[in-house]
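Q: Numbering (the numbering used here), first residue to last: 2 to 754.
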Ligand code: F3S
């Protein structure tokens, strides 16, 4: 039924594959003879080899054929540079690139965008020409945030997509499996190779009841994050189901899936329903909804499907939540916030309130926030805190401009920022507080690790719904609970804010706004990709050397990091974003945010040879230039946070051999393997405490590296006896080949030849 029905309105070479997916799944059904969850149906329907593939949740590595790839501009640079080095004429899987990460928020949308286009001209040019050359859809700066554009244009129920950004799961709001990966994975799929994923476990979240009042979809994921913590979703897909689902808008479901990244989940998804069909129609994709309706049985879990873990949430009793500071899983219900904030000494004065971002900038979010702002205005009040509004896309911006919400925000004192990531990724020239000054900000974003938004480690960032962000902005105080507390109007009379209201979809349809899309040209042979040799922002890649065939002996520990080591600690964002396409330059940020266990300082490590203290990247370079390999020792969930492969490219470029941690975040671990670094874990986690930063280590067993076989770490303390401990790894046979070749890309280029 679906032969040659387009996936979207932009491409004439991508089609819905429902029929084929069902056929592929049926082969697996014959073999496994059991009911499947919805996520399993999507995964197994996209298998490269449904007859031969081993399938055991949490154990096997699945080889998959994704329908699409999406890249944002910060990660696309390296992904495309890598794709170019494999020497192919065009991408083999439909791909889009989105310019959203490089726009710094300073004074307001239009001016910030113009400045960004000026500053990043070289990068945008490179991306625009490379996209034209390799048949990639290009969304220009100003078009919006990748996940919003994908939801509005490309996502469809039952699809499998990978994206080079950790919040790619946002598209789960349209019933697809959208998974955040590193650029190296994107390169594989762009080149037509199957993509590998460890068969995820499935966590079921059953929603009962109905959302109402101040409780918003965001509160579901804030609650789930509190239950599962930042590690609880690792290696799992979170699949929502139950009667409560129908009370959520499609974009509300997207919010929930988006922030599933914060619990480490592979992705999150919802079964196909009429709310999704309505959204598809509203975004001019009724033809996709028609096909999805025909395959509706395929687009939900089978009766009796089993989950590895089950959580139940009653939406009737769910309270609004505020999560933070410093970690997205510290969940506090609004009724407890006052008490908890005071107990912990969190600054209660809310300096800045930020709504929007990829997480929460739907028409519904904007309308509800505007209804609260309007209520305040009706009582003669404006925002007490600085209030910023980041629309997720040009379409959202144009629609709220037409429908009046934007005007309300402006009257309320709000500042409209560009349709881009801005403060969410640290692209924020914040001027209202000094670095180091303790202060509180609240946002409707998804992530609030230390320094994420404004590079100020003393900023206490809380994430919550746009509704509560707006309420906090009016009160200017974190202790305010709009469900119980009163405010004083301009005449001193007490009143309570009315519950927010807002339509899920615009009654007049979406206004597309300015055209910001660049389609690939008919004749792509005449296009030349622009990379200037003297550029400090783009650098054509040289392949890494293959493994030299030996174990590692007497390796210094570059740094033993203490506490959380997220990808923000390993390869900071903010000002460094501009070097995402230049490996040599961006390597100057390697681990500069990590805390050295020896002296509790960031970016101050002792050089093993000279005894002098210097920055981490300088010390690593010094080792590399001496021909000395090194290791890093780290704690739990090493590399949690984002999918950026720079966090893996940099140690490789600087001559690292292995990263030895208590445990790894999935994407970072795979990225390290792709770049030819060895990610190894302590079989006995207490060895982490015993190792000292100035020990040297031997990594033994690399020469006989095999799936499931532990390695040995021999530790030579400065003083005292040599001791040893076991190291585990998660390599499969193919990944071992990557390591031997020097990187996955080397292996791929060799296969091409
Ligand atoms: Fe951008 Fe923040 Fe989303 S950085 S993609 S808006 S998480």
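No residue lacks a Cβ here, since even glycine has one placed at the ideal position from N, Cα and C.
Is the beta carbon of residue 228 sitting closer than 8 angstroms to the one on residue 312?
A: Position 227 of the chain shown, counting from 1, holds the residue named residue 228. Position 311 of the chain shown, counting from 1, holds the residue named residue 312. Result yes, Cβ atoms of residue 228 and residue 312 sit closer than 8 angstroms.
Q: Taking residue 368 as the reference, which of 244, 505, 622 and 132 has the closest Cα?
A: Numbered from 1 along the chain shown, position 367 holds the residue referred to as residue 368. Nearest option by C-alpha distance: 505.
Q: Just mark residue 435 as buried or exposed, buried being the case when its beta carbon has 16 or more other beta carbons within 10 Å.
A: Residue numbering aside, residue 435 sits at position 434 when the chain shown is read from its first letter. It is exposed - the Cβ of residue 435 has fewer than 16 other Cβ atoms within 10 Å.
Q: Consult DSSP for residue 592 and reduce its assignment to one of helix, strand or coil.
A: Mapped onto the chain shown, residue 592 falls at position 591. Coil at residue 592, not helix or strand.
Q: At a cut-off of 7 angstroms, is residue 442 close to ligand 1 when judged by its beta-carbon and the heavy atoms of the ligand?
A: The residue labelled residue 442 in the question sits at position 441 within the chain shown. The answer is no for residue 442.
Q: Less than 8 angstroms between the CB atoms is what I'm expecting for residue 354 and residue 271, so what's the real figure, rounded?
A: In the chain shown, residue 354 corresponds to position 353, counting from 1. In the chain shown, residue 271 corresponds to position 270, counting from 1. Actually they do not touch by this definition, with Cβ atoms about 29 angstroms apart.
Q: Just confirm the distance between the C-beta atoms of residue 168 and residue 181, as a whole number of angstroms; I'd bet it's less than 8 angstroms.
A: In the chain shown, counting from the first residue as 1, residue 168 sits at position 167. In the chain shown, counting from the first residue as 1, residue 181 sits at position 180. So it is a contact: roughly 7 angstroms between Cβ atoms.
Q: Would the C-beta of residue 446 count as close to ligand 1, meaning under 7 angstroms from any of its heavy atoms?
A: Locating residue 446 in the chain shown gives position 445, where the first residue counts as 1. Because some heavy atom of ligand 1 lies under 7 angstroms away, the Cβ of residue 446 counts as near it: yes.
Q: Are the CB atoms of residue 462 and residue 326 within a distance shorter than 8 angstroms?
A: The count along the chain shown starts at 1 and reaches residue 326 at position 325. The count along the chain shown starts at 1 and reaches residue 462 at position 461. Yes, the pair counts as a contact, with Cβ atoms nearer than the cut-off.
Q: Quick check: the stretch 537-556 against the stretch 392-407, are at least 3 beta-carbon pairs closer than 8 angstroms?
A: Touching, no, given that fewer than three Cβ pairs across the two stretches are closer than 8 angstroms.
Q: Compute the Euclidean distance between the alpha carbons of residue 502 and residue 372, then round it to the nearest angstrom.
A: Working through the chain shown from its first residue, we reach residue 502 at position 501. Working through the chain shown from its first residue, we reach residue 372 at position 371. In a straight line, the C-alpha of residue 502 is about 6 angstroms away from that of residue 372.
Q: Quick one: grab the DSSP three-state call for residue 212.
A: Residue numbering aside, residue 212 sits at position 211 when the chain shown is read from its first letter. Note: residue 212 maps to coil in three-state DSSP.
Q: Any heavy atom of ligand 1 closer than 7 angstroms to the CB of residue 690?
A: Numbered from 1 along the chain shown, position 689 holds the residue referred to as residue 690. Checking the Cβ of residue 690 against ligand 1 gives no.
Q: So does the stretch 192-203 actually touch the stretch 275-290, counting three or more Cβ pairs closer than 8 angstroms?
A: With a cut-off of 8 angstroms, the stretch 275-290 and the stretch 192-203 do not count as touching, because too few Cβ pairs lie within range.
Q: Evaluate residue 428 with the Cβ neighbour count: other Cβ atoms within 10 Å of its Cβ, from every protein chain shown; 16 or more gives buried, anything less gives exposed.
A: Locating residue 428 in the chain shown gives position 427, counting from the first residue. Classification for residue 428: buried.
Q: Comparing C-alpha positions only, which one of 123, 143, 638 and 606 sits nearest to residue 624?
A: For the purposes of this step, residue 624 is taken as residue 623 along the chain shown, with counting starting at 1. Considering only alpha carbons, the answer is 606.
Q: Along the chain, which unbroken stretches of the beta strand (DSSP E) at least 3 residues long are found entirely within the stretch 356-408?
A: Qualifying beta strand (DSSP E) stretches, in chain order: 387-391.
Q: What is the rounded straight-line gap between the Cα of residue 145 and the Cα of residue 750?
A: Taking the chain shown and counting its residues from 1, the one referred to as residue 145 is at position 144. Taking the chain shown and counting its residues from 1, the one referred to as residue 750 is at position 749. Answer to the nearest angstrom: the Cα atoms are 34 angstroms apart.
Q: Are the CB atoms of residue 17 and residue 225 nearer to each other than 8 angstroms?
A: Start at 1 with the first residue of the chain shown, and residue 17 comes out as number 16. Start at 1 with the first residue of the chain shown, and residue 225 comes out as number 224. Cβ atoms of residue 17 and residue 225: not closer than 8 angstroms.
Q: According to DSSP, is residue 296 part of a helix, a strand, or is it coil?
A: For this step, residue 296 is matched to residue 295 along the chain shown. If DSSP states are grouped into helix, strand and coil, residue 296 belongs with coil.
Q: How would you write the range of the beta strand (DSSP E) that residue 72 sits in, first residue to last?
A: In the chain shown, counting from the first residue as 1, residue 72 sits at position 71. That run of the beta strand (DSSP E) goes 69-73.
Q: Go ahead and label residue 14 buried or exposed: buried means 16 or more other beta carbons lie within 10 angstroms of its beta carbon, across all protein chains shown.
A: Counted from its first residue, the chain shown places residue 14 at position 13. The residue in question, residue 14, is exposed, as its Cβ has fewer than 16 Cβ neighbours within 10 Å.
Q: Helix or strand or just coil, what does DSSP make of residue 604?
A: By 1-based counting over the chain shown, the position of residue 604 is 603. Three-state DSSP puts residue 604 in coil, outside helix and strand.
Q: With respect to 7 angstroms, is the separation between the Cβ of residue 363 and the closest non-hydrogen atom of ligand 2 below this value?
A: Among the ligands present in this structure, namely ligand 1, ligand 2 is not found.
Q: By DSSP, does residue 63 sit in helix, in strand, or in coil?
A: The sequence position of residue 63 within the chain shown is 62, counting from 1. If DSSP states are grouped into helix, strand and coil, residue 63 belongs with the strands.
Q: Any heavy atom of ligand 1 closer than 7 angstroms to the CB of residue 144?
A: For the purposes of this step, residue 144 is taken as the residue at position 143 of the chain shown. Incorrect: residue 144 has no Cβ contact closer than 7 angstroms to ligand 1.
Q: Quick check: residue 517 and residue 141, are their CB atoms within less than 8 angstroms of each other?
A: In the chain shown, residue 517 corresponds to position 516, counting from 1. In the chain shown, residue 141 corresponds to position 140, counting from 1. Contact flag set, yes.
Q: Give me the Cβ distance between residue 306 and residue 37, rounded to the nearest whole Å; I'm assuming they're in contact under 8 angstroms.
A: Numbered from its first residue, the chain shown carries residue 306 at position 305. Numbered from its first residue, the chain shown carries residue 37 at position 36. Contact holds; Cβ gap of about 6 angstroms.
Q: Grab me the residues of residue 1's own chain with a C-beta within less than 6 angstroms of its C-beta, minus the 5 sequence neighbours each way, in chain order.
A: This structure cannot settle anything about residue 1, because the visible part of the chain is limited to 2 through 754.
Q: Below 7 angstroms, is the gap between the Cβ of residue 629 and the nearest heavy atom of ligand 1?
A: Position 628 of the chain shown holds residue 629. No, ligand 1 has no heavy atom inside 7 angstroms of this Cβ.
Q: Roughly how many angstroms separate the alpha carbons of residue 400 and residue 60, rounded to a whole number?
A: Start at 1 with the first residue of the chain shown, and residue 400 comes out as number 399. Start at 1 with the first residue of the chain shown, and residue 60 comes out as number 59. When rounded, the distance between both Cα atoms is 46 angstroms.
Q: So, using beta-carbon positions, are residue 652 and residue 634 closer together than 8 angstroms?
A: For this step, residue 652 is matched to residue 651 along the chain shown. For this step, residue 634 is matched to residue 633 along the chain shown. It is not a contact, given that the beta carbons lie outside the stated cut-off.
Q: Which residue marks the beginning of the beta strand (DSSP E) containing residue 661, and which one marks its end?
A: Numbered from 1 along the chain shown, position 660 holds the residue referred to as residue 661. From DSSP, the beta strand (DSSP E) with residue 661 extends over 657-662.
Q: CA-CA distance, residue 620 and residue 559?
A: For the purposes of this step, residue 620 is identified with residue 619 of the chain shown, where counting begins at 1. For the purposes of this step, residue 559 is identified with residue 558 of the chain shown, where counting begins at 1. For residue 620 and residue 559, the distance between alpha carbons rounds to 7 angstroms.
Q: Quick one: Cα of residue 249 to Cα of residue 299, how far?
A: Here residue 249 corresponds to residue number 248 of the chain shown, with the count starting at 1. Here residue 299 corresponds to residue number 298 of the chain shown, with the count starting at 1. Those two C-alpha atoms are separated by around 21 angstroms.
Q: Which term fits residue 57, buried or exposed, when burial requires 16 or more other beta carbons within 10 angstroms of its beta carbon?
A: Here residue 57 corresponds to residue number 56 of the chain shown, with the count starting at 1. The residue is exposed, with fewer than 16 neighbouring Cβ atoms inside 10 Å.
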